[in-house]
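Novice:
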Amino acid sequence: MSAVTGAFEQLLRRWAGLQSRERRILAVGGGLVLLVLVWLLAFEPAWLGRKKLATELPTLRGQLAQMEGLAAEARRLSSQAPQGVDTPAQLKVALEQSIEAAGLKGAVSQLTVSGDLIDLRFKAVAFAPWVAWFDSALRETRLRAIDVAVERETAPGMVSARLTLEAQKRGP
Numbered sequence: 006m007s008a009v010t011g012a013f014e015q016l017l018r019r020w021a022g023l024q025s026r027e028r029r030i031l032a033v034g035g036g037l038v039l040l041v042l043v044w045l046l047a048f049e050p051a052w053l054g055r056k057k058l059a060t061e062l063p064t065l066r067g068q069l070a071q072m073e074g075l076a077a078e079a080r081r082l083s084s085q086a087p088q089g090v091d092t093p094a095q096l097k098v099a100l101e102q103s104i105e106a107a108g109l110k111g112a113v114s115q116l117t118v119s120g121d122l123i124d125l126r127f128k129a130v131a132f133a134p135w136v137a138w139f140d141s142a143l144r145e146t147r148l149r150a151i152d153v154a155v156e157r158e159t160a161p162g163m164v165s166a167r168l169t170l171e172a173q174k175r176g177p
């Protein structure tokens with residue numbers, strides 16, 4: 006403590022030895038330094054943060070609204086009774102209708118149902134429409150593909166496909 010007290014006393018003696026003009030210059034300079042430090046440490050970070058937040062906030066609010074909408078839709082969809090057909094015969098009819106609607110009926114070489122399994126074979130079918138049909142059929146009927154084999158035909162863009170689909174079990 007005595008070193009601090011001694012340094013403070015020495016500083017006071019130096020201050021007393023200065024002329025009044027020098028004291029004013031040092032006081033004004035010290036005030037400016039203090040003002041700059043307060044600005045740099047307190048006001049500027051808050052000012053910049055506020056400007057940044059003002060530009061990001063509308064985007065974040067839009068994203069929040071979109072997420073809330075998606076969450077509401079997910080809650081609504083999860084509370085609905087599962088859609089789709091239940092019996093294997095109804096699944097077969099639904100698949101036949103979707104195949105016909107996709108224009109792939111002529112390429113079907115086999116469609117058999119045994120229990121919960123459906124065996125489906127396509128011969129010389131255009132790949133792009135078949136993939137589009139396959140995706141929509143799985144979503145619409147809630148079937149699950151347990152075996153899929155696709156072989157390229159000699160004609161460009163044509164394939165033969167073998168599918169084994171299974172009806173998903175529904176919980177109570």
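Residue 10 in my numbering sits at position 5 of the sequence shown; the count goes up by one each step and never skips.
No residue lacks a Cβ here, since even glycine has one placed at the ideal position from N, Cα and C.
Values in this document were obtained by computation on a predicted structure and should not be read as measured data.
(1) Would the region 106-114 count as touching the region 60-71 if we require 3 or more Cβ pairs under 8 Å?
(2) So Arg-167 and Ala-154 are supposed to be a Cβ contact under 8 Å. How far apart are they, rounded?
(3) Which full runs of the alpha helix (DSSP H) of 4+ residues lie inside the region 97-155, going along the chain?
(4) Going straight from the alpha carbon of Gly-89 to that of Ala-79, what length do you get?
(5) Ser-165 bridges to which residues according to DSSP?
(6) Three-state secondary structure (DSSP) at Leu-45?
(7) Excluding five sequence neighbours on each side, which residues of the same chain lie with their C-beta closer than 7 Å to the C-beta of Ala-150?
(8) Consult DSSP for Leu-65 and reduce its assignment to one of helix, strand or coil.
(9) What residues are listed by DSSP as bridge partners for Glu-171?
Specialist: Result, derived from the coordinates:
(1) no
(2) 4 Å
(3) 132-146
(4) Since pLDDT at Gly-89 reaches only 48, below the 50 mark, its modelled position is unreliable, and the value read off the structure follows with that caveat. Gly-89 and Ala-79: Cα-Cα distance of roughly 18 Å.
(5) Glu-156
(6) helix
(7) Closer than 7 Å at Cβ, skipping near neighbours: Leu-143, Leu-168, Leu-170.
(8) helix
(9) Leu-122, Arg-149
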